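Q: Dropping a structure here in structure tokens format, bear with me for questions.
And the structure:
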């Protein structure tokens, strides 16, 4: 979408409203007039402008989005959702480092729009990890980007895999994988790898994002700065499962 086309759409409430209305369904002028509470002439004028840009087509009795109009409207909705996600979680993002999260993360910011912030406190200093552990224990299909070594988190994954006979797709780097192997005293981790319960994907990108997407939930831990991981705050979502799994796949595709 070019800048001029974006400006053309966003500088007119009518044009934008028409695209959003037609995104859901094909409609006639009377329906659009009623839904938007606009005059007949204003609706027709807006439709004419969109038709001239090949964003809307007219059938015998109604109007509908062209394929270009559909894709552009979808991008606009995603852009609005991304902005809403940032606004809803402003404090979380402000206090953490977002310099090296990767392009897939920023393209999918909208999935965190309804995120719930889980915080540890002095009274419950492991609350966040406990909530994370509980959610992982309910999951069968676990997908994780692991940017830091933690025996606690590794044990959480292993317990869930054994309990639920599940699978773990793990994106990490060579250094962290070596630490996992060095501390795998009982050989349980390696056994699960050999049984194909754990699939490992080695990334050369040093992403500073601890992202988990499962069939039950998704979560996000970040770093305070380049070297200090924050396990005291976590964004948690229990919707957008499909989009969260797609985000993980986008990171995995960078490795192939």
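Numbering (my numbering), first residue to last: 3 to 258.
Backbone N, C-alpha and C define an ideal beta-carbon position, used for all residues, glycine too.
Computed from a predicted model, the values in this text were never measured in an experiment.
Is it buried or exposed, residue 137, if we count other Cβ atoms within 10 angstroms and call 16 or more buried?
A: With 16 or more other Cβ atoms within 10 Å, it is buried.
Q: Is residue 240 near residue 121, with beta carbons less than 8 Å apart?
A: No, Cβ-Cβ distance for residue 240 and residue 121 is not below 8 Å.
Q: Residue 148 and residue 174 look like a contact to me (Cβ under 8 Å); what is the Cβ gap, rounded to whole Å?
A: 4 Å
Q: Distance, Cα to Cα, residue 115 vs residue 216?
A: 18 Å
Q: Taking residue 10 as the reference, which of 230, 67 and 55 has the closest Cα?
A: 55
Q: Taking the C-alpha atoms as reference points, what is the distance between residue 49 and residue 75?
A: 15 Å
Q: Starting from the Cα of residue 163, find the closest Cα among 176, 180, 179 and 199 and give me that residue.
A: 199
Q: What does residue 70 pair with, by DSSP beta-bridge criteria?
A: Residue 70 pairs with nothing; no bridge assigned.
Q: Suppose you measure from the CA of residue 197 to the CA of residue 168; what does that come to, to the nearest Å?
A: Counting only the Cα atoms, residue 168 lies some 11 Å from residue 197.
Q: Can you check which of these residues, 232, 222, 243 and 252, is closest to residue 205 by C-alpha distance?
A: Selected option, being the one with the closest Cα: 252.
Q: Can you give me the start and stop residues for the beta strand (DSSP E) that residue 212 sits inside?
A: 211 to 216
Q: Can you check whether the CB of residue 209 is closer than 8 Å to the CB of residue 254?
A: no
Q: Starting from the C-beta of residue 133, find all residues in its chain whose C-beta is less than 6 Å away, skip the five residues before and the five after it, and write them out in chain order.
A: 120
Q: Classify residue 87 as helix, strand or coil using the three-state DSSP reduction.
A: Reduced to three states, the DSSP call for residue 87 is helix.
Q: Determine, using beta-carbon pairs with one atom in the region 19 to 33 and one in the region 56 to 65, whether at least three such pairs fall under 8 Å.
A: yes
Q: Among 160, 166 and 213, which has the Cα closest to the Cα of residue 237?
A: That would be 213, whose Cα lies nearest to the Cα of residue 237.
Q: In terms of DSSP beta bridges, what is residue 222 paired with?
A: Residue pairing of residue 222 in beta bridges, as defined by DSSP: 213 and 237.
Q: Quick one: residues in its chain with C-beta nearer than 7 Å to the C-beta of residue 126, no 5 flanking neighbours on either side, listed in chain order?
A: none
Q: Quick one, which of 6, 29, 27 and 45 has its alpha-carbon nearest residue 15's?
A: Closest in alpha carbon position to residue 15, among 6, 29, 27 and 45, is 45.
Q: Assuming the contact rule is C-beta atoms closer than 8 Å, residue 25 and residue 67 should be a hit. Round their C-beta distance to whole Å, please.
A: The beta-carbon separation of residue 25 and residue 67, rounded to 6 Å, stays under the 8 Å limit for a contact.
Q: Secondary structure at residue 12, three-state DSSP: helix, strand or coil?
A: Helix at residue 12.
Q: Determine whether the beta carbon atoms of residue 190 and residue 170 lie at a separation below 8 Å.
A: no
Q: Could you check which residue in 172, 41 and 142 has the C-alpha nearest to that of residue 156?
A: 172
Q: With three or more C-beta pairs closer than 8 Å as the rule, is the region 83 to 92 touching the region 24 to 44?
A: no
Q: Looking only at its own chain, which residues have a Cβ that is under 6 Å from the Cβ of residue 2, when we skip the five neighbours before and after it?
A: Outside the displayed range of the chain (3 to 258) lies residue 2, so it cannot be described from this structure.
Q: Use the C-beta contact count for residue 43: other C-beta atoms within 10 angstroms, 16 or more gives buried, fewer gives exposed.
A: exposed
Q: Check each candidate in 151, 90 and 35 and name the one with the smallest Cα separation from residue 181.
A: 151
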